[in-house]
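So the sequence shown is numbered by this note's numbering: it starts at 3 and just counts up by one. One structure below.
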Amino acid sequence: MQITDGNELIDPRAYARSGYPHATWARLRRESPVHWCEPADVVPFWAVTRHAQICEVSKRPDLFLSAKGILPATREAAERIARGEKGPFDLMRTIITMDPPKHRKFRRVASPWFSPRALAGLEAIVVASARRLVDRLYEAQVGGEGVCDFATEVAAQHPLRILSTI
Numbered sequence: 003m004q005i006t007d008g009n010e011l012i013d014p015r016a017y018a019r020s021g022y023p024h025a026t027w028a029r030l031r032r033e034s035p036v037h038w039c040e041p042a043d044v045v046p047f048w049a050v051t052r053h054a055q056i057c058e059v060s061k062r063p064d065l066f067l068s069a070k071g072i073l074p075a076t077r078e079a080a081e082r083i084a085r086g087e088k089g090p091f092d093l094m095r096t097i098i099t100m101d102p103p104k105h106r107k108f109r110r111v112a113s114p115w116f117s118p119r120a121l122a123g124l125e126a127i128v129v130a131s132a133r134r135l136v137d138r139l140y141e142a143q144v145g146g147e148g149v150c151d152f153a154t155e156v157a158a159q160h161p162l163r164i165l166s167t168i
């Protein structure tokens, strides 16, 4: 019996509908740690589920490219790419979607900002941002709204505030 076609692992709507698929990931780690997935509308992919294999993949940019993106392409997008058309993700490259040697050059520029000493210097900014966001949630609660979307009102804003200070 097929454990999963992979859709529940990559579709945000599945997460919204059913939550994080802990049981599926646990079963994959137990029974099929490197699992071939064939979702209906997405290019097939390998789900690598164990820490040791994930680390190995991360250390082999010669075999496992990042430049193709961090999400499996829809079959429609894959056909456009095969025809040489550009998609929205081609407009902006980030360090996470770069392969050597370009990745190394960008990492050299960025890594000093993420050293333990540099991060310690950001602690006051991180704490102040978190306090402002939580205070705003509290004020909304007291004001009668009582509901918030944590993802948009806190989780999306907090890291952007911190990164914008670097």
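Note that CB positions come from ideal geometry on N, CA and C, so glycine has one too. Given the structure is predicted, the values throughout are model-derived calculations rather than measurements.
- Fewer than three beta-carbon pairs drawn from the segment 49-69 and the segment 15-26 are found closer than 8 Å, and the two stretches are therefore not classed as touching.
- A Cβ-Cβ contact shorter than 7 Å links residue 63 with residue 101.
- In the three-state reduction of the DSSP assignment, residue 47 falls in the strand class, which pools E and B.
- A Cβ-Cβ separation of about 17 Å leaves residue 14 out of contact with residue 45 under the 8 Å criterion.
- C-alpha of residue 166 to C-alpha of residue 4: approximately 45 Å in a straight line.
- Look at residue 39 here: in three-state DSSP terms it is strand.
- Residue pairing by DSSP places residue 76 opposite 44 in a beta bridge.
- Secondary structure at residue 10: helix, using DSSP grouped into helix, strand and coil.
- Residue 116 carries a helical assignment under DSSP once its states are collapsed to helix, strand and coil.
- DSSP places residue 149 in the coil class of the three-state scheme, outside both helix and strand.
- When the beta-carbon positions are compared, residue 128 and residue 164 come within less than 7 Å of each other.
- When DSSP states are grouped into helix, strand and coil, residue 22 belongs to the coil group.
- A residue is called buried when at least 16 other Cβ atoms come within 10 angstroms of its Cβ; residue 69 does not meet this threshold and is exposed.
- Note that the C-beta distance between residue 35 and residue 8 is not below 7 Å.
- Secondary structure note for residue 163: its alpha helix (DSSP H) is the uninterrupted segment 159-167.
- The beta carbon of residue 139 lies closer than 8 Å to those of 150, 155 and 156 in the same chain, with the five residues before and after it left out.
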